[in-house]
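Report on the following structure.
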Amino acid sequence: MVTDNLPVKQMAPSDGLGTSSTSQLLIEAGRTEEQYWRDLWRYRELFFFLAWRDLLVRYKQTVVGVSWSIIRPLFTMVILTVVFGKLSKMPSGGSPYPLLVLCGMLPWNLFSTAISDSGNSMVANSNLISKIYFPRLIIGVSSVITSFVDFLISALLMVGLMSWYRFVPPVSALLLPLFILLAFSASVGIGLWIAALMVKYRDLRFIVPFIVQFGLYLSPVGFQSSIVPDRFRLLYSLNPMVGIIDGFRWSLLGAQNSLYLPALTISVIEVAAILISGVLYFRRTERTFADVI
Amino acid sequence: MSETAIVIENLGKRYVIGKQKQGVDGMRHVLEGVIRSPGAWLKSRRETKLRQVDFWALRNVSLSINQGEVVGIIGRNGAGKSTLLKLLSRITVPTEGRFRINGRTASLLEVGTGFHVELTGRENIFLNGAILGMARGEIAKKFDQIVDFSEIEDFLDTPVKRYSSGMYIRLAFAVAAHLEPEVLIVDEVLAVGDAAFQKKCLGKMENFAQSGRTVLFVSHNMDAVRTLCQRAILFDGGKIRADGYVDSVVEDYFSRFSTSSGQQLRGDYGLAIEKVVLKNDGGQETRQFCPGEDLIIEITFDAQKCLEKPYFILVVRGQKGNCFTANMLLDGHRPKLLNGKGKISCRFKSIPLLPQRYTVQLAIKANNGIDVLMPYEDIGLFIVTADLVTYGYKGEFQTRVSEATSVVIPYEWQLPDGTSATVSLSAPVSAI
Chain A
108 MVTDNLPVKQ MAPSDGLGTS STSQLLIEAG RTEEQYWRDL WRYRELFFFL
158 AWRDLLVRYK QTVVGVSWSI IRPLFTMVIL TVVFGKLSKM PSGGSPYPLL
208 VLCGMLPWNL FSTAISDSGN SMVANSNLIS KIYFPRLIIG VSSVITSFVD
258 FLISALLMVG LMSWYRFVPP VSALLLPLFI LLAFSASVGI GLWIAALMVK
308 YRDLRFIVPF IVQFGLYLSP VGFQSSIVPD RFRLLYSLNP MVGIIDGFRW
358 SLLGAQNSLY LPALTISVIE VAAILISGVL YFRRTERTFA DVI
Chain B
156 MSETAIVIEN LGKRYVIGKQ KQGVDGMRHV LEGVIRSPGA WLKSRRETKL
206 RQVDFWALRN VSLSINQGEV VGIIGRNGAG KSTLLKLLSR ITVPTEGRFR
256 INGRTASLLE VGTGFHVELT GRENIFLNGA ILGMARGEIA KKFDQIVDFS
306 EIEDFLDTPV KRYSSGMYIR LAFAVAAHLE PEVLIVDEVL AVGDAAFQKK
356 CLGKMENFAQ SGRTVLFVSH NMDAVRTLCQ RAILFDGGKI RADGYVDSVV
406 EDYFSRFSTS SGQQLRGDYG LAIEKVVLKN DGGQETRQFC PGEDLIIEIT
456 FDAQKCLEKP YFILVVRGQK GNCFTANMLL DGHRPKLLNG KGKISCRFKS
506 IPLLPQRYTV QLAIKANNGI DVLMPYEDIG LFIVTADLVT YGYKGEFQTR
556 VSEATSVVIP YEWQLPDGTS ATVSLSAPVS AI
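Protein chains in written order, with the numbering used here: chain A, 108 to 400; chain B, 156 to 587.
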């Protein structure tokens, strides 16, 4: 047995580089390393490097480049506006229909791209996982960050559209960051669940696009959630995206988009549960990723 | 005054191999099982657990490495070297035992991990650096050194996918070489790249070692291990077989051709090399040869399954690269059938080699010439000794012979003044 007070070395690298010059690592079978959260901090820059890599790579060898981040949501918005606003004549709640749609699309696109990218991230980075150590959580979260950058770019579209309609957002817009945080947390939570499961069960590769496709219609992206009959409203609110999208609309558009509190409460509780369980499950399976992937 | 850098106690890693009859891998099976009858599913799960075969890639490994030691880890494929490195670099977790590492650690299991082909050289330096654990400031500070070392200055802003493989490897190693950890774990990264660059890398690692850092170096290149390390550890079948002074352990590596569990695991072909003997003209077992002497390589194999018409490939390799080969893929003289134990030998006639160290490598390919029954592996080691006069050498710089190209054939100079000079090997001085 090694005594627990082995001498800790106090030698700094010759040129004084490196933030963790004195470190001791103890790994024992069947023990969760306390090092994990410290490592997460030590590798914090990697969150952004990986997100930066994904962003750089995404639009390499494309003609219009980053404009795709504007073009895609723009066209989706036009189509949804035509289908729900013009053809189905859904109520717009007092604000221009394109604004209503875009307001729903912002959190939905963040969520859907985040869960697809984050879900795929472990498998896509399997070469890293099998060759080098760093907290794997970074890979999953950094792909959500990548989607978040897209979200910010689409937000510019929102700003542009608002000024086109000369629409002044109400004061409640100041609460928007809270709803963004909620959307982000939901993306990370579900993204981590899928990422961890995907390592073992590649079936999810087929399931996720399905969720994303149907979710667009099951969530109030192209319409207001208030058109759902009252007796089904609570049931409908079990979809966490309902509370989030409603929150976005309430804070940005105000008017008749009153906040349905039960939906929001359900969302917050669900997102918290998903996020916490996602991180825990991810942590538990992470140690075997390299063996399974 | 040396302190321990790495302490390993009873380290073990178990993998579960062998497929169950009912694949439990797909999600459908799991869901189906659970939905149909949860009780039965739990029971079957317990049963499949029993049916699975445990395979210990590493077991009961204990060792301690002092600070500033440069240790070579050697062993055949499947001996557990890579598993050890994976555990120490925390890529995977041990099944039992524990280890402790003092100091900032960096592991390099592959050159260019995390390189993205679409990104430019400059971008990849930063990305790779971050993945290896460097802070951005640190990378920026060393950027010029890295570029210098890699010799790719003109291509910094070219996507890596347009690089030649040599450039790619140079850049990748350059980033890793500037990590400056206190404990460095390296796997076979020198097997790539041209000779000049390999030398540069070895030089970098030597500097590393001299500055008092601890290096763990896995390699199949016995020469590199000998040059770099003072101590070597030989793994076999997941256990430590020998640990000590590098020369004696390397000697052990070549002499120990007993069947071991590590050997049996090589593929599904059940082919094991049991013994390799090097003999000279007179049929005596030796490791020392004279130029112009014959080199006989005698291989005892054990084929547990019938193998039809395999191809044997022998390569004699010097410090500067391959010298010559006996290759059945080219000559076509292959054995009709390998079944059970047998012997095969090859005689290289009057070897034209300079006094240097050489290794013999063997690879065996299947009937179709493509499938690998056994990948290239060092199976023997010999040195050539002779007075340089034997080669017809009279120059003033004969000490450079250790760096010279290994294979010599007779040649003749025609000098400007009309004289000619023949240089050739004199008759072998055999039977000393």
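From the three backbone atoms N, C-alpha and C, an ideal C-beta is built for every residue, glycine too.
- Annotation: residue 226 of chain B has no Cβ neighbours in chain A at a cutoff of 7 Å; minimum Cβ distance is about 17 Å.
- A distance of 9 Å or more separates the beta carbons of residue 304 of chain B and residue 354 of chain B.
- With respect to residue 448 of chain B, residue 506 of chain B sits close: the two C-beta atoms are nearer than 9 Å.
- Of the candidates A:250, A:294 and A:238, the residue whose Cα lies closest to the Cα of residue 219 of chain A is A:294.
- Fully enclosed alpha helix (DSSP H) runs of no fewer than 4 residues occupy 204–231 and 233–236 of the stretch 193–252 of chain A, in order along the chain.
- For residue 240 of chain A, the residues of chain B that pass the 8 Å Cβ criterion are 244, 245, 246 and 262, in the order they occur in the chain.
- If one requires a minimum length of 4 residues, the alpha helix (DSSP H) runs lying completely within the stretch 142–188 of chain A are 142–149, 151–165 and 175–187, in chain order.
- The Cβ neighbour count for residue 331 of chain A, taken over all protein chains shown within 10 Å, is at least 16; the residue is labelled buried.
- Following the DSSP letters along the chain, one finds residue 498 of chain B inside the beta strand (DSSP E) bounded by residues 492–503.
- Between residue 168 of chain A and chain B, the shortest Cβ-Cβ separation is below 9 Å.
- The closest CA to that of residue 280 of chain B, considering only B:503, B:535, B:580 and B:331, is found on B:331.
- In this structure, residue 511 of chain B places its C-beta atom within 9 Å of the C-beta atom of residue 473 of chain B.
- Counting other Cβ atoms within 10 Å of its Cβ, residue 317 of chain A stays below 16 and is therefore classed as exposed.
- In the displayed model, residue 479 of chain B falls within a strand according to three-state DSSP.
- Using a Cβ distance threshold of 9 Å, residue 493 of chain B and residue 546 of chain B do not count as a contacting pair.
- Residue 257 of chain A sits in a helix when the DSSP states are folded into three classes.
- Distance from the CA of residue 206 of chain A to the CA of residue 135 of chain A, rounded to the nearest whole angstrom, comes to 55 Å.
- Beta-carbon to beta-carbon, residue 213 of chain B and residue 240 of chain B are separated by about 10 Å, too far to satisfy the 8 Å threshold.
- Between the beta-carbon of residue 374 of chain A and that of residue 349 of chain A there is about 7 Å, and that keeps the pair under the 8 Å contact cut.
- When the beta-carbon positions are compared, residue 533 of chain B and residue 516 of chain B come within less than 9 Å of each other.
- Assignment of residue 369 of chain B by DSSP, reduced to helix, strand and coil, places it in the strand class.
- Taking 9 Å as the cut-off, the beta carbon of residue 236 of chain A is found no closer than this to the beta carbon of residue 155 of chain A.
- For chain A, the residues of the stretch 252–277 of chain B that bring a beta carbon within less than 8 Å of one of its beta carbons are 252, 253, 254, 255, 256, 257, 258, 259, 260, 262, 264, 265, 268, 269, 271, 273 and 274, in chain order.
- If you ignore the 5 residues before and after residue 172 of chain A, its C-beta comes within less than 7 Å of the C-beta of 166, all in its own chain and listed in chain order.
- The three-state reading of DSSP puts residue 566 of chain B in strand, counting E and B together.
- Among the residues facing chain B, residue 388 of chain A is not included, as its CB has no counterpart in that chain under 9 Å away.
- Judged by beta-carbon spacing, residue 158 of chain B lies beyond the 9 Å limit of residue 215 of chain B, meaning their Cβ atoms are not closer than that value.
- Contacts with chain A at 9 Å (Cβ-Cβ) do not include residue 327 of chain B.
- Along the stretch 253–269 of chain A, there is no position whose C-beta sits under 7 Å from a C-beta of chain B.
- Using a Cβ distance threshold of 9 Å, residue 275 of chain B and residue 314 of chain B count as a contacting pair.
- Within the stretch 286–301 of chain B, 286, 287, 288, 289, 290, 291, 292, 293, 296 and 297 place their CB atoms closer than 9 Å to a CB of chain A, listed in sequence order.
- Of the residues assessed, residue 311 of chain A falls on the buried side of the cut-off, its CB having 16 or more other CB atoms within 10 angstroms.
- Contact of residue 446 of chain B with chain A is not assigned, every C-beta pair being separated by 9 Å or more.
- Under the 9 Å criterion on CB atoms, residue 148 of chain A is classed as non-interfacial with respect to chain B.
- Residue 398 of chain B is a Cβ neighbour of residue 218 of chain B, given a cutoff of 9 Å.
- The beta-carbon separation of residue 215 of chain A and residue 352 of chain A, rounded to 7 Å, stays under the 8 Å limit for a contact.
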